[in-house]
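Residue numbers (the working numbering): 17 to 88.
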């Protein structure tokens, strides 16, 4: 129908292009947000506090900074 190697290669090329697009697009739009579009800085802060990497005073101070920054 389409003939030659072009006819056999067009479908795999389209499939590979779609896969690359689906992987690249979410990474390009990430900018500090997870795929759902939600800022994950509070999640990271909470995990650090839960692991004991920071104390309660540090947690509260950084939480206030993050929340004030989001309001701006």
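Don't be surprised by glycine CBs; every beta carbon is placed ideally from N, CA and C.
- Would DSSP call residue 68 helix, strand or coil? coil
Check your understanding: What did DSSP end up calling residue 76 once you bin it into helix, strand or coil?
Key -> helix
Would you call the CB atoms of residue 32 and residue 57 closer than 9 Å? no
Reduced DSSP category for residue 84 - H, G, I as helix; E, B as strand; rest coil = helix
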